[in-house]
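Protein chains in written order, with this note's numbering: chain A, 1 to 338; chain B, 339 to 676.
Where is the CB? At the ideal position from N, CA and C, for every residue including glycine.
For clarity, every value in this text was computed on a predicted model and none was experimentally measured.
There are 2 protein chains.
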Amino acid sequence: MSDKDKKNQYSNPPTMHDVAHVAGVSQMTVSRVMRGTGYISKDVLKRVQDAAISIGYVHNRLAGGMSKYDNPLIGVVVPSLQNRVFTEVLSGISDTLNNNNLQPVFGVTEYSLEREEEIVFDLLSWRPRGLILAGLEHTDGLRRIIEQTGVKTAEIMDVDGSAIAASFGISQKAAGEQMAKYLLNKGYKNFAYIAWLDERAKKRFDAFKAYIENHGGIISQTRISPKMLSMKEGRELTADILSGSDKPEVIYYANDDLAAGGLMHCITENIKVPEDVALAGFNGLNFLEALPVQITTTKTPRYEIGVEAANWISDKNSKQEERRVHEFDIELIKGDTT
Amino acid sequence: MSDKDKKNQYSNPPTMHDVAHVAGVSQMTVSRVMRGTGYISKDVLKRVQDAAISIGYVHNRLAGGMSKYDNPLIGVVVPSLQNRVFTEVLSGISDTLNNNNLQPVFGVTEYSLEREEEIVFDLLSWRPRGLILAGLEHTDGLRRIIEQTGVKTAEIMDVDGSAIAASFGISQKAAGEQMAKYLLNKGYKNFAYIAWLDERAKKRFDAFKAYIENHGGIISQTRISPKMLSMKEGRELTADILSGSDKPEVIYYANDDLAAGGLMHCITENIKVPEDVALAGFNGLNFLEALPVQITTTKTPRYEIGVEAANWISDKNSKQEERRVHEFDIELIKGDTT
DNA sequence: TTGACATATGTTTGCGCAAACATATATTTT
DNA sequence: AAAATATATGTTTGCGCAAACATATGTCAA
């Protein structure tokens, strides 16, 4: 009897029942083998595995997971896949969930809180065991859904604010103040700021600005865009700022891409850094190491944040109600550009 | 009666039945409202929606999707989230699937074909409507599973080889030859090559090398690493190559990050590009625009590849059996570095 | 005014699995 | 040798939904 004939005796697609029939055991025993739970003898284990392969059976989690709200899915919602910060966190999440036999289901919001609510609602229809969201800002509707369903939720990137349950991130406020303090200590007084403002950059800048202005400095120029900016715009906006008459002593950028763009402008135009203008970024991305000069920046543990959040979600003992705040350390990298 | 009391009358979590009871309709009508199918009067529509919100009902796709192999999940498997090439493709996929009301479920292989097989097997347990894989190289086991389950599969990035069903990508072979031809025409004869070799870079380099050597050029040095390399290593390996006595006229890099690292070395060391050494990359990533000089490279339509693959998967009329090859155009960007 | 068709809703049914429980045999302890 | 425990398997049951089909009522044309 050919393989094809053999297959046709059974349901299409084949079910555990079919596997059980071939292996000469009960459907429940097949279920145990598929999930690796309970007691199974070596002999039966092999027979079931062989039977499954021979008829091309693939485990169907939709069926069993039905109604139980504890299947191995984790909803992960991030603002963007174009921003390396999020893809690094995602890497940490993906690696960790894999180690815990959980499966991420992704959504991308493009930085819209309304979109986030829609996506989460949609993801919840898969009855995920947990949810990982970016930031602490969400719509009221989203908060309500999470409360109503009781789905275990981790918020990442940011700890300045009120979390739904557990939060994993850095204090954006502290990061902004730390950089302000460092730059003031270096003797700089006249600052410019270039950014594209997501929620976290906003918190960082507010703290930065407040500290600067409370300690005798001024922010004489800003270039703030509502839409996402990258290295290219960092270069252009730096050129713009430096072409004016009131030249700042330092430019603080909302991220390293912008700062690197600024550095490229200075290299191209033979502007001395930090003598003519100093530069500071944020994130501490790896590619900075490859640049001709080391940019001053704040290093954030992005991969680790993803790992810890995913571990918390995976841990059956961690409770939604504990509302733990996991604040990660940041490190100010004193580079050559300040 | 408080909201809480009202909720407690019903199942926990609430079901369509509960919603139906509150709205005074049948469970099937609620199902129609949730999925937006069939005929529903304005009045009933509103009553059902209100009822759902009032008792905190969230649609459960696990239940209905059971056994039907046509639920709105798409499995997406990529080698890495650290490589911008894949995150850009992913962006295209994510955006497009969203537009088609499909939900991506992700897996990351870390460039291991065995891991890919495991991940796909795992993803299939969610009975996805389709699968998007990177590359044309897969284990025999994976090919067999795909054939057995008949799951609609798109392969992306690469079209040089034998696809399972539909493939979406560029000809790596053509890209390698095109660059070889261009550089030979510029008069260069002595080449170096720096790479970390994934399947696609390998095909590209084989074609590049064959063309060079068949047309009077030589590849005098190579630096090929089995593990992933970034800008930093691009800089270091370039320094290494240029520190030797047999200096190549051009360095061809497997990607733009490596090439940009090479450029950074040249800028730092005041090496004239392209007079002392010419550089060429691959991908045409956006950040190249921000560099002090434009690097010669091959521009690939990454986002579009993601969009088209996702559209094909979403299209109910597209058939697995057609085995269409969707080859995308590449463009050689003649920069300042050659 | 009849029939054809669009619109709107309800009833029955079974999908494939895993929890809960039952049972049976082997192994160890007392 | 009896009791306790570990190991190994089977039986029954129901999860929540959507397909298939049935049944109304409204609307329009002939």
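Item                                                                                                                                                                           : Value
So is Ala290 of chain A in contact with chain B if we call contact Cβ pairs under 8 Å?                                                                                         : yes
Keeping to the same chain, check which residues put their C-beta closer than 6 Å to that of Tyr591 of chain B; ignore five residues upstream and five downstream.              : Ile532, Ala597, Gly619
What did DSSP end up calling Tyr348 of chain B once you bin it into helix, strand or coil?                                                                                     : coil
List, in chain order, every chain B residue whose beta-carbon is nearer than 9 Å to that of Lys152 of chain A.                                                                 : Those within 9 Å of Lys152 of chain A in chain B number zero; the least Cβ separation is about 14 Å.
CA-CA distance, Arg542 of chain B and Ala512 of chain B?                                                                                                                       : 8 Å
Would you say Thr398 of chain B reaches chain A, if we count a Cβ-Cβ gap shorter than 8 Å as a contact?                                                                        : Residue identity check: residue 398 of chain B is Asn in the sequence provided, not Thr. It does: the Cβ of Asn398 of chain B has a partner Cβ on chain A nearer than 8 Å.
For Pro410 of chain B, which residues from the same chain have a beta carbon less than 7 Å from its beta carbon, with the 5 sequence-adjacent residues on both sides left out? : Asn439, Leu440, Gln441, Arg467
Would you tell me roughly how many angstroms separate the C-alpha atoms of Ser2 of chain A and Val427 of chain B, rounded to the nearest one?                                  : Only weak support is given to the placement of Ser2 of chain A: the predicted model assigns it a pLDDT of 34, under 50, and the value that follows is read from those uncertain coordinates. About 41 Å.
So, with DSSP's three-state summary, where would you put His326 of chain A?                                                                                                    : strand
Which residues in chain A have a C-beta closer than 8 Å to the C-beta of Arg573 of chain B? List them in chain order.                                                          : Ala290
Where DSSP assigns a beta bridge to Tyr252 of chain A, which residues make up the other side?                                                                                  : A:Tyr193, A:Ala280
Could you give the distance in angstroms between the alpha-carbon of Asp329 of chain A and the alpha-carbon of Leu285 of chain A?                                              : 16 Å
Starting from the beta carbon of Met495 of chain B, find every residue of chain A whose beta carbon is closer than 8 Å, and list them in chain order.                          : Per Cβ cutoff of 8 Å: no residues; Met495 of chain B is ~16 Å from chain A at best.
If you draw a straight line from the alpha carbon of Glu177 of chain A to that of Ile271 of chain A, how long is it in whole angstroms?                                        : 27 Å
Looking only at its chain, what residues have a beta carbon closer than 6 Å to the beta carbon of Ser318 of chain A, apart from the 5 residues adjacent to it on each side?    : Trp312
Hey, does Trp312 of chain A have any beta-carbon neighbour from chain B nearer than 8 Å?                                                                                       : no
Are the C-beta atoms of Gly56 of chain A and some chain B residue less than 8 Å apart?                                                                                         : yes
Between Arg348 of chain A and Tyr449 of chain B, what straight-line distance do the alpha-carbon atoms span, to the nearest angstrom?                                          : For chain A, the structure presents residues 1 to 338; residue 348 of chain A sits outside this window and is missing.
What whole-angstrom Cβ distance do Val357 of chain B and Ala390 of chain B have, given they're in contact under 8 Å?                                                           : 5 Å
Excluding five sequence neighbours on each side, which residues of the same chain lie with their C-beta closer than 7 Å to the C-beta of Gly135 of chain A?                    : Glu155, Met157, Asp158, Glu199, Arg200
List the endpoints of the continuous alpha helix (DSSP H) containing Lys202 of chain A.                                                                                        : 199-214
Where do the ends of the beta strand (DSSP E) carrying Asp496 of chain B lie?                                                                                                  : 490-496
Are the Cβ atoms of Val458 of chain B and Leu480 of chain B separated by less than 8 Å?                                                                                        : yes
Taking the straight line between their C-alpha atoms, what separation do you get for Gly261 of chain A and Ile605 of chain B?                                                  : 15 Å
With distances taken between CB atoms, is the gap from Val293 of chain A to Leu332 of chain A smaller than 8 Å?                                                                : no
So, for Asp160 of chain A: in the same chain, excluding its five sequence neighbours on each side, which residues have a beta-carbon less than 7 Å away from its beta-carbon?  : Ser171, Gln172, Lys173, Lys203
Can you tell which of A:Phe208, A:Val105, A:Lys299 has the C-alpha that lies nearest to the C-alpha of Gly413 of chain B?                                                      : A:Val105
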